[in-house]
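K.L.:
I have a structure I would like to understand better, so I am pasting it below and will then ask my questions one at a time.
In my numbering, the protein residues as written are 6 to 335.
Here it is as structure tokens:
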């Protein structure tokens with residue numbers, strides 16, 4: 006069974022991916038309840054941390070019920086990354102994760118995230134320095150390469166392991182692909198099957214059904230799956246995958262009552278954590294998936310995603326339960 010440092014994980018763990026404006030404490034709590042084995046924070050700017058930017062500092066909030074939890078940071082300046090490690094360590098996470106994979110232009114143009122795939126030497130240098138600067142296990146999330154013609158993930162994996170990286174999560178696309186096309190898990194499997202590699206190798210990208218998770222485990226032989234978009238507004242995905250692994254059968258989808266309850270709890274936890282305005286606004290993206298597939302639902306969804314006060318959103322939840330309480334999800 007895989008380990009990250011001294012953290013023992015179950016066989017083929019399911020990890021909640023770090024997702025900007027998604028993987029906050031309320032959502033992580035829901036995913037943890039539904040079977041996520043390791044959760045990661047939204048990615049945090051090292052420059053924002055050392056400037057004490059409010060949004061960056063707020064993302065350091067973690068809770069005991071989340072453990073094991075990793076805080077993910079990104080940056081490309083050594084001094085800033087080392088200072089941010091000290092700030093992160095003080096927050097008490099179990100893991101420090103480095104983002105070398107975010108493809109978003111505003112991150113890449115600063116040489117951070119996937120931008121560092123153009124400078125493998127710097128990637129290794131930053132990782133080595135951070136490993137030496139903390140007592141916590143350091144892990145890395147990255148992509149196959151900058152583009153199809155510059156895929157060096159085998160070299161990257163070996164070198165990161167050599168400088169002390171404790172686990173590697175690899176998204177099966179290049180930066181040039183962004184999120185388009187199909188994720189290619191074959192190069193990730195090649196890394197895992199490299200006899201030089203002994204740290205856990207987790208796959209990421211297009212794990213959107215229990216069957217796909219099983220394929221990643223059985224066909225590609227990876228150590229675990231990092232789940233991203235499939236969990237947005239659907240924290241039950243982790244539980245469904247584990248049930249499928251155990252029985253070979255699909256769990257019935259959550260009922261309307263379960264969905265409404267989760268949406269209510271999600272919104273209330275978000276409000277408690279970040280206040281009414283942000284709590285209402287930043288939870289909106291989940292509602293489409295919470296209530297996906299319901300016919301004649303547009304008016305209710307519009308109320309959920311356009312209301313600026315939580316009372317109106319909670320009212321919409323109650324209306325949905327009253328109107329569609331007996332709806333059976335496929």
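By construction, the Cβ of each residue, glycine as well, lies at the ideal position given by its N, Cα and C atoms.
1) Using the Cβ count rule (16 or more neighbours within 10 Å means buried), how would you classify residue 95?
2) Verify whether the separation of the beta carbon atoms of residue 7 and residue 18 is less than 8 angstroms.
3) Are the beta-carbon atoms of residue 120 and residue 114 separated by less than 8 angstroms?
4) Among 313, 291, 246, which has the Cα closest to the Cα of residue 16?
5) Just to confirm, are residue 197 and residue 149 a CB contact at a threshold of 8 angstroms?
6) Would the beta-carbon of residue 132 fall within 8 angstroms of that of residue 92?
7) Measuring CB to CB, does residue 232 end up less than 8 angstroms from residue 99?
8) Among 144, 188, 82, which residue has its Cα nearest to the Cα of residue 153?
9) Quick check on residue 29: buried or exposed, where buried means 16 or more other Cβ atoms within 10 Å of its Cβ?
10) Drop a sphere of 10 angstroms on the beta-carbon of residue 53, count the other beta-carbons inside from all chains shown, and report buried for 16 or more, exposed for fewer.
11) So what's residue 34 in DSSP terms, helix, strand or just coil?
12) Indicate whether residue 43 and residue 65 have their beta-carbon atoms separated by less than 8 angstroms.
13) On the premise that residue 129 lies in contact with residue 165, defined as a C-beta separation below 8 angstroms, what is that separation, rounded to the nearest angstrom?
14) Would you identify the three-state DSSP class for residue 51, choosing helix, strand or coil?
15) Less than 8 angstroms separating the beta-carbons of residue 217 and residue 163?
16) May I ask which residues mark the beginning and end of the beta strand (DSSP E) holding residue 131?
17) Just the C-alpha distance for residue 390 and residue 304, rounded to the nearest angstrom, thanks.
18) Can you tell me the Cβ-Cβ gap for residue 295 and residue 268, rounded? I've got them flagged as a contact below 8 angstroms.
19) Compute the distance between the beta-carbons of residue 180 and residue 108, then report whether it is under 8 angstroms.
20) If you follow the beta strand (DSSP E) that residue 144 is in, where does it begin and where does it stop?
21) Can you tell which of 317, 89, 46 has the C-alpha that lies nearest to the C-alpha of residue 282?
22) For residue 192, which residues from the same chain have a beta carbon less than 6 angstroms from its beta carbon, with the 5 sequence-adjacent residues on both sides left out?
23) From residue 243 to residue 39, what distance separates their C-alpha atoms?
24) Judging by CA-CA distance, which residue of 270, 82, 275 is the nearest neighbour of residue 323?
25) For residue 209, list the residues DSSP reports as bridge partners.
26) In its own chain, which residues sit with a C-beta less than 8 angstroms from the C-beta of residue 81, not counting the 5 before and 5 after it?
27) Less than 8 angstroms between the CB atoms is what I'm expecting for residue 35 and residue 240, so what's the real figure, rounded?
28) May I ask you to report which of helix, strand or coil DSSP gives residue 297?
29) Straight-line CA distance for residue 145 to residue 315?
30) Just to confirm the assignment, what range does the beta strand (DSSP E) spanning residue 193 have?
31) Which stretch, first to last residue, makes up the alpha helix (DSSP H) that contains residue 166?
32) Can you tell which of 137, 177, 136 has the C-alpha that lies nearest to the C-alpha of residue 147?
33) For residue 118, does the three-state DSSP call read helix, strand or coil?
P.N.:
Put simply:
1) exposed
2) yes
3) yes
4) 246
5) Not in contact: residue 197 and residue 149 (Cβ atoms no closer than 8 angstroms).
6) In this structure, residue 132 sits away from residue 92, with a CB-CB distance that is not shorter than 8 angstroms.
7) no
8) 188
9) buried
10) Classification of residue 53: buried, given that the 10 Å Cβ count is 16 or more.
11) helix
12) It is not a contact, given that the beta carbons lie outside the stated cut-off.
13) 6 angstroms
14) The answer is helix: DSSP assigns residue 51 an H, G or I state.
15) no
16) Where residue 131 is concerned, there is no enclosing beta strand (DSSP E), although the alpha helix (DSSP H) it sits in stretches over 125-137.
17) Because the chain spans 6 through 335 in this model, residue 390 falls outside it and cannot be assessed.
18) 5 angstroms
19) yes
20) 143-148
21) 317
22) These residues qualify, in order along the chain: 149, 158.
23) Their backbone Cα atoms lie some 6 angstroms apart in a straight line.
24) For residue 323, the closest alpha carbon among the candidates 270, 82, 275 is that of 270.
25) 176, 231
26) Setting aside the 5 residues that flank it on each side, residue 81 is surrounded in the same chain by 115, 116, 117, 120, 121, 127, 131, each with a C-beta closer than 8 angstroms to its C-beta; the list follows chain order.
27) 4 angstroms
28) Note: residue 297 maps to coil in three-state DSSP.
29) 37 angstroms
30) Following the DSSP letters along the chain, one finds residue 193 in no beta strand (DSSP E) but inside the alpha helix (DSSP H) bounded by residues 191-198.
31) 158-167
32) 177
33) helix
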